[in-house]
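Here the structure is laid out as structure tokens; the discussion comes afterwards.
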Amino acid sequence: MGKWTRRAFITTGLLAGGTLVVGVAIRPGNRSAKVARLIADDGETVLSIWLKIGSDNVVTAIVPHAEMGQGAHTTLAMMLADEMDADWSQVRMMEAPAHKEYANYALARGYELGDMDFPAFLIDTIDGIFLTATKQMNLQITGGSTSVATTGMIGMRVAGAATKAILLEAAAATWQVPAHELHARNSHIFHDASHRSAPFSEFATAAADIDPPAKPQLKSENEYTIMGTSPQKLDIPAKVDGSAQFGIDTVLPGMKYAAVKASPVFGAVIKSIDQSSIEDLPGVRKVINLGDAAVVIADGYWQAQQALDRLKIEFTASGNEGIEQSTIFQQFSKAMDDATENKRNTIDFKIGNTETAMAESSHFVEAEYKVPYLAHATMEPMNCTAWMHDDQCELWLGTQNPLGFAAEVAAAIEIDQENVIVHNQYLGGGFGRRAFADYAIQAGRIAVQVPYPVKLIWSREEDMRHDHYRQANISRFKASLDSSGKPTAWVNQFVDKHDPIEAPYIPYGIENQLIHFADAETHVPWGFWRSVDHSLHAFFTESFADELAHAAGKDAYEFRRDLLANNLRFRDVLDLAAEKSAWYEPLPGNRGRGIAIHKSFGTIVAQVVEVEVNNGKVRAHRVTCVVDCGFAMHPDGLRAQMESGIIYGLTAALYSDISIHRGAVAQSNFHDYPMLRMDESPQIETYIINGGGRVGGGGEPGTPAIAPALTNAIFSATGQRIRELPIKHHDFNRGNPGAKDIA
Amino acid sequence: MMITLNINGETHAVDVDPATPLLWVIREQIGLVGTKYGCGIAQCGACTVHLNGAAIRSCVTPVQAADGQQITTIEGIRRNDGTLHPVQQAWIDEQIPQCGYCQSGQIMSATALLMENPSPSGEDIDRAMSGNVCRCGTYGRIRKGIERAAIVMAHEAVVEDTGNG
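Taken in order, these protein sequences are the chains called A and B.
If you want this note's numbering, it's the 1-based position in the first sequence plus 956.
Once you know that position 126 of the second sequence is 121 in this note's numbering, the rest is easy, because the numbers rise by one and skip nothing.
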């Protein structure tokens, strides 16, 4: 029996043609950090899951999550199908329509969702459940690695189990046999004693009249038949023949194309636009001043971009024009110094007494680390097609938050949210970027000025310079060790905390800890970036843990292991990583191994990197990854997410650097914001531990530990400690990379 | 200016500025949107198509340069009987795509490689594929996919040579 103590509501209904519909609404009563992002400010969020069983016995699940490569659609469908005992080959998946009150209002309006016409009696039932709760809901986010952990565990499985329960009850009534003599398998119900069997669909009508159980019995792990297996992902066939529709692929009758240029300096606005500079260019339809951005609409995108590049635009000064990356880091340092001097640090986490512990020690280690701003650089640049007609604004795009986008666009163009219709497409990468609605708002503001649909495409340069960036940061550490090399106090200070709150916390048994931060806001827009604060803090804490091991004269793995004596789940993950990476096997000169472990989104990941530093060039050859997310619903999908998170994190650690010059982002495209490519891609081996308990996320936890595992490996290979990312700024020719003592 | 393009075996006459990158003509005039825009400066490979069988970056190729030439896009690499190209099938078998946006370009680079070099070494694969960026980090699986497709295609070639299955 799975745990789900939150308030859940289950309703049923019957559609024309005998299609059974089951809806489950979950109101998370627990405002834990894991679900915080799913909860609107004042109200509660409903996760609404629907499934239908058609007369052809096909089960269709409708879920409020976007597919951006993380496999959410497939995995969520598996969780539902398993609880139902459905035939996996007869299960389909649809993304829920993006509409406020999607579960009721949209359906009552006869929202075009295939053949889904909901009868009036059902609307009443649904309204009773959903209306109040959904009023405040403008979030339908795919992010925070929550799809499986939240929607799947407390939505899909409940929906599946409840549906099976009423189908069994309906079959029992129809066949006049006790329900306990029946069982379900492959979308059929069986009565072995009388050798009867029939498809689910045969009982749909009868099932619709049965009250679903308030808390249906969920399967225990040994009863799973689909969960824990790795069926092929549902979205892949369309992604090998060019037929998958991304936002940028939208085509509408009479559509025009728009290119946009916002002020390079964040915060500046347009002073003037000289339209005469492009009037003669072919295909140009219109120039629009959005206040902070200039837009050219033309018959083709290339024409629009060419014209925009020639358009004379003058921006006002914002006061940010003098800001350089170096001044931002100076600002951080000063904020930290001032906060310490004036005792103004905000305490984030504290146990024991670090001052007392340090007073009793004579062995201290101190270090300061620095990370840059990072862009998401999704392969599909930001784009949105918008069409204003009949008092409605329709949007075609890829978004991680369809409902939130509808609300923001509605507010920007001053229409009711009900009149903004979001058609979510496949996302050509999300990583947090597509949770920010700026590109959709621009498209909406363009659409209200023209009578035709417009496809707005950001150039790669615009995408790079107007991202919402992973924060730059400085983190300072001081620790004390006792005479045996065991850490007695851990003090950490950094700037600007976002979320998740636990990102800077360590799993190690150190009795006295003080983690605090200073505020140092900049004019650079902040954004969720794959694993969010974990992406920087894992580098800080796992680098410093490595420095402590070195100072204590201990092996980096054993040092960590000793500090995890009361955290056995971490220790198991760490042990397997050491074993599978052959941690103690000697390596040739110029090579080294580094280890790091970090928990994020409920999932523990340890990684060992084997690196070679040769002629000044760093090359990660092999990554051993061990992951414990409780239970791997789709093991191959989890492995794919680890591989993905590792490459994403390696790219950032080695190369990525967004720097501010004269108030604007200096980088513009892949030539100056380079990516890891096939020829530098390491061999990755992923091992899964099903440690049990609450299921954690999969999309993000592969990223945080890889940077420190790599830099710790570089230290092992060269003796050079990397305290500032990216690695490309370091010169490995100055040291003596071959001098490592392997013994 | 009128330009004649032969795309996936079909002839199209388009009236466009001859400097327009082939990418935008394929996507907007011809309506084949499987070929993607990623960077516009031949840095990422999302726009890869075949020009007379060789992989090119259509985002920096003026349409004029393709006038009268044979162009193949992701929509045109299925077998004549409608089945998937062995590279496409390998992409499914190895479960390669994640977000999928770069994969048209990856597949076009991989098919061009295997046409030219039916049994590529690891270094050959690295060299042919390093112009294609994947932000989802599917490189390891792409390498396996190419190796798998190479084996399938070699087997097919043997079957064809011997005249029976």
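All C-beta atoms in this analysis are idealised placements derived from N, C-alpha and C, irrespective of residue type, glycine included.
In this text, all values refer to a predicted model and were calculated from it rather than measured experimentally.
DSSP three-state assignment for residue i, whether helix, strand or coil
i: lysine 1195 of chain A; result: helix
i: proline 1456 of chain A; result: coil
i: cysteine 129 of chain B; result: coil
i: lysine 1555 of chain A; result: strand
i: methionine 1344 of chain A; result: strand
i: glycine 1550 of chain A; result: strand
i: phenylalanine 1222 of chain A; result: coil
i: tyrosine 1329 of chain A; result: strand
i: alanine 14 of chain B; result: coil
i: methionine 1335 of chain A; result: coil
i: lysine 1536 of chain A; result: helix
i: threonine 1607 of chain A; result: helix
i: methionine 1183 of chain A; result: coil
i: leucine 1519 of chain A; result: helix
i: arginine 74 of chain B; result: coil
i: lysine 1411 of chain A; result: strand
i: arginine 1650 of chain A; result: coil
i: alanine 1505 of chain A; result: helix
i: leucine 1190 of chain A; result: coil
Bridge partner(s) assigned by DSSP for residue i
i: glutamine 1262 of chain A; result: Glutamine 1262 of chain A is not bridged to any residue.
i: isoleucine 1640 of chain A; result: A:Val1579
i: valine 1252 of chain A; result: A:Ala1215, A:Val1243
i: tryptophan 1485 of chain A; result: Answer is none; tryptophan 1485 of chain A lacks a bridge partner.
i: arginine 1432 of chain A; result: A:Glu1324, A:Gln1449
i: serine 1176 of chain A; result: BP columns for serine 1176 of chain A are empty, so no partner.
i: serine 1228 of chain A; result: A:Glu1270
i: alanine 50 of chain B; result: B:His45
i: alanine 8 of chain B; result: B:Thr(-1)
i: arginine 1048 of chain A; result: A:Thr1016
i: leucine 1138 of chain A; result: A:His1147
i: glutamine 1563 of chain A; result: A:Ala1552, A:Cys1581
i: lysine 1573 of chain A; result: A:Asn1570
i: asparagine 1380 of chain A; result: A:Leu1353
i: glutamate 1680 of chain A; result: A:Lys1326
Nearest candidate by alpha-carbon position, reference residue i, set the options
i: aspartate 1304 of chain A; options: A:His1151, A:Pro1172, A:Glu1458; result: A:Glu1458
i: isoleucine 1122 of chain A; options: A:Ser1143, A:Glu1158, A:Ile1166; result: A:Ile1166
i: threonine 1181 of chain A; options: A:Val1327, A:Arg1141, A:Lys1120; result: A:Arg1141
i: glutamine 1201 of chain A; options: B:Val11, B:Leu17, B:Gly117, B:Cys94; result: B:Cys94
i: proline 16 of chain B; options: A:Ser1199, A:Ala1313, A:Gln1259; result: A:Gln1259
i: arginine 1522 of chain A; options: A:Ile1466, A:Val1569, A:Gln1563, A:Arg1152; result: The amino acid at residue 1522 of chain A is misidentified as arginine; the sequence shows asparagine. Among A:Ile1466, A:Val1569, A:Gln1563, A:Arg1152, the Cα nearest to that of asparagine 1522 of chain A is on A:Ile1466.
i: phenylalanine 1626 of chain A; options: A:Gln1639, A:His1617, A:Ile1616, A:Ser1612; result: A:Ser1612
i: isoleucine 1417 of chain A; options: A:Tyr1604, A:Pro1544, A:Ala1622; result: Per the sequence shown, the amino acid found at residue 1417 of chain A is glutamate instead of isoleucine. Considering only alpha carbons, the answer is A:Ala1622.
The alpha helix (DSSP H) enclosing residue i, as first and last residue numbers
i: serine 1289 of chain A; result: 1281 to 1297
i: lysine 1120 of chain A; result: 1113 to 1131
i: histidine 1029 of chain A; result: 1028 to 1040
i: isoleucine 1402 of chain A; result: 1394 to 1403
i: lysine 139 of chain B; result: 134 to 157
i: phenylalanine 1671 of chain A; result: 1662 to 1674
i: glutamine 98 of chain B; result: 98 to 111
i: valine 82 of chain B; result: 81 to 88
i: isoleucine 120 of chain B; result: 117 to 124
beta-carbon residue i near the ligand GDP non-hydrogen atom, thresh 7 Å
i: isoleucine 1229 of chain A; result: No copy of the ligand GDP occurs in the structure displayed, which carries no ligand at all.
Residue span of the beta strand (DSSP E) that contains residue i, given as start and end
i: threonine 1444 of chain A; result: 1443 to 1451
i: proline 1155 of chain A; result: 1152 to 1155
i: threonine 1302 of chain A; result: 1302 to 1307
i: valine 1019 of chain A; result: 1015 to 1019
i: leucine 1470 of chain A; result: 1468 to 1474
Contact residues within the segment 1194 to 1211 of chain A, judged by C-beta distance below 9 Å to chain B: Cβ contacts with chain B: Ala1194, Lys1195, Val1196, Asp1197, Gly1198, Ser1199, Ala1200, Gln1201, Phe1202, Ile1204, Asp1205, Thr1206, Val1207.
Where the segment 125 to 151 of chain B meets chain A: residues whose CB sits under 9 Å from a CB there: Those would be Ser125, Gly126, Asn127, Val128, Cys129, Arg130, Cys131, Gly132, Thr133, Tyr134, Gly135, Arg136, Ile137, Arg138, in chain order.
Contacting positions in the segment 1120 to 1132 of chain A - beta carbon closer than 8 Å to chain B: When CB distances to chain B are screened at a threshold of 8 Å, not a single residue of the segment 1120 to 1132 of chain A falls below it.
Residues, ordered as in the chain, of the segment 93 to 106 of chain B that lie near chain A by beta-carbon distance below 8 Å: Hits within the stretch, in order: Gln93, Cys94, Gly95, Tyr96, Cys97, Gln98, Ser99, Ile102.
Members of the segment 1382 to 1415 of chain A near chain B, C-beta cut-off 8 Å: Residues of the segment 1382 to 1415 of chain A with a Cβ closer than 8 Å to any Cβ of chain B, in chain order: Tyr1382, Leu1383, Gly1384, Gly1385, Gly1386, Phe1387, Ile1413, Ser1415.
Interfacial residues, the segment 23 to 37 of chain B to chain A, with Cβ spacing under 9 Å: Residues of the segment 23 to 37 of chain B with a C-beta atom less than 9 Å from some C-beta of chain A are Glu23, Gln24, Gly26, Leu27, Val28, Gly29, Thr30, Lys31, Tyr32, Gly33, Cys34, Gly35, Ile36, listed in chain order.
Chain-ordered residues of the segment 1591 to 1615 of chain A with a beta carbon less than 7 Å from chain B: Flagged, chain order: Asp1592, Ala1596, Glu1599, Ser1600, Ile1602, Ile1603, Tyr1604.
Chain B contacts from the segment 1624 to 1646 of chain A (Cβ-Cβ distance under 9 Å): If the cut-off is 9 Å between Cβ atoms, the segment 1624 to 1646 of chain A has Asn1625, Phe1626, His1627, Pro1630, Met1631, Leu1632, Arg1633, Met1634, Asp1635, Glu1636, Ser1637, Pro1638, Gln1639, Ile1640 near chain B.
Where the segment 1236 to 1248 of chain A meets chain B: residues whose CB sits under 8 Å from a CB there: Contacts with chain B (Cβ-Cβ distance below 8 Å) from the segment 1236 to 1248 of chain A involve Pro1238, listed in chain order.
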